[in-house]
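Under the working numbering, think of the first position of the sequence shown as 885, with each following residue one higher.
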Amino acid sequence: MKFGCSLEMVNVLVSGPGAFNRQSKKFWTDYIKYISAVGFQGIELPFWCFSSDAMAFETGRSGIPCNQTAIKEKYSSPEGFLEFLREAGIETVVSVHVNANDAMLELAALQGDTDTYYSLLEQLCMEGLEHACSLKAEGLIVSPSPELGWLYRYFGDDFEEFEQRTVDILQRTAKCAREKQILFACKNEFWSYFHQEKIRWLTEQAEGISFCPDLAHLKIAGVSAADILDEYRDNLKFIKFNDTAFKDLVGNAERINAELPVEGAQKVFCDCGEGDADLIKAAEQLKRNGFDGWVICENKNTLDVYKGLLKLGWFVNNRLKNV
């Protein structure tokens, strides 16, 4: 197993320090060096390409390496960014992650119709793939569904067309990924339309779609990580090690902003090793199964991004690597 770190550990909305600082290039060049210092040699990058939403606009023009424009304007070029990573001690961009929820947020900002959503999703996937290719990343990870709360608002409760058109987009993306020799995987979320049995069905819809399981989301959804890691052992890519002690007792999975609840328990994720997702047991199982790919680690929504990174590095180096 190889261990990488997701830059999504820094959340502009909930993590410290201040939002303006986290949008600066200086913050990110320093933070990437800190990621290397605690022992990670690969990183995963978030990706979004929209600007109608105010937060997306500010983020897209910032120093966050989240799209092709930011890479070009702040780091000179993809080659310049990769050279900076090498100098910082990071050997590779492991993967790029795109989230269908960003397409839905753009749709809401545009006040568009459902047809517009599919165009936005395909744009997000294809531009994310180009971004991954330009940075010589191994893979593209797609969270294939917006939150159920948004789906109910825009699609009602008839998801037949949504399901088929989403699959069509993923099939086209998977085909392009194969042509570019980029691995392609779909990720699960507890708030996604494609969860539990649906994710199995989704990975069977096109050649080259692998499964990227997030262990915290599996735990919240009440799905056995052990069963999933065995069932998909031949089709796992970029396994996500997040942790949680959250129990969804109020149906938060079907609400907008499911990861930032306003009723019931407020903290959805916790730092790795402090929750109920048995990450050490999962690492032992992956080792037994002969998994030799990347495990992407993240203290998701950690409140102190520096302390959270130190704790994550300690957990990986002293617990996960010793299984």
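Positions of the beta carbon are idealized from the N, C-alpha and C atoms, including for glycine.
Tell me where the alpha helix (DSSP H) around residue i begins and ends.
i            : result
residue 1083 : 1081-1087
residue 1034 : 1032-1039
residue 1018 : 998-1018
residue 1060 : 1044-1063
residue 904  : 903-906
residue 1197 : 1189-1202
residue 1093 : Run containing residue 1093: none in the alpha helix (DSSP H); it sits in the beta strand (DSSP E), 1093-1096.
residue 1115 : 1109-1115
residue 955  : 952-959
Tell me residue i's beta-bridge partners as DSSP assigns them.
i            : result
residue 976  : 926
residue 983  : 1027
residue 1125 : 1181
residue 886  : 1178
residue 1120 : 1095
residue 1076 : 1031
Judging by CA-CA distance, which residue of the options is the nearest neighbour of residue i?
i            : options                   : result
residue 1257 : 1136, 1182 and 1176       : Here the chain covers residues 885 to 1207 and nothing more, so residue 1257 does not appear.
residue 1115 : 1126, 1125 and 1087       : 1087
residue 1190 : 915, 909, 1165 and 1133   : 915
residue 1027 : 1080, 1071 and 978        : 1071
residue 948  : 979, 1171, 921 and 903    : 903
residue 1103 : 988, 1198 and 1152        : 1152
residue 1009 : 955, 1192, 1031 and 1056  : 1056
residue 972  : 1003, 959, 919 and 931    : 919
residue 995  : 936, 1097, 1178 and 1174  : 936
residue 1177 : 970, 1032, 959 and 979    : 979
residue 893  : 885, 1197, 1048 and 1017  : 1197
residue 1035 : 1011, 1006, 1018 and 1075 : 1075
With residue i as the anchor, note down where its beta strand (DSSP E) starts and where it stops.
i            : result
residue 912  : Looking at the DSSP string, residue 912 is not in any beta strand (DSSP E); the run it does join, the alpha helix (DSSP H), is 909-921.
residue 1071 : 1067-1071
residue 1205 : Element bounds for residue 1205: n/a, residue is neither H nor E.
Less than 6 Å separating the Cβ of residue i from some heavy atom of the ligand PLP?
i            : result
residue 1105 : Ligands displayed in this structure: none; no statement on the ligand PLP is therefore possible.
Practice task
Please determine if the segment 1137-1153 and the segment 1108-1125 are in contact, where contact requires at least 3 C-beta pairs separated by less than 8 Å.
Solution key: no
Exercise for the section: Specify whether the segment 1159-1166 and the segment 1120-1133 touch according to this definition: at least 3 beta carbon pairs, one from each stretch, less than 8 Å apart. Expected result: yes
Exercise for the section: State whether the segment 1066-1073 contacts the segment 1019-1031, with contact taken as three or more CB pairs (one from each stretch) at a distance under 8 Å. Expected result: yes
Handout entry: Segments assigned beta strand (DSSP E), at least 3 residues, entirely inside the segment 1132-1181
Key = 1178-1181
Practice task
Kindly confirm or deny that the segment 1143-1151 and the segment 1089-1100 touch, where touching means at least three C-beta pairs closer than 8 Å.
Solution key: no
Practice task
Check whether the segment 983-998 touches the segment 962-975, counting contact only when three or more Cβ pairs, one atom from each stretch, lie closer than 8 Å.
Solution key: no
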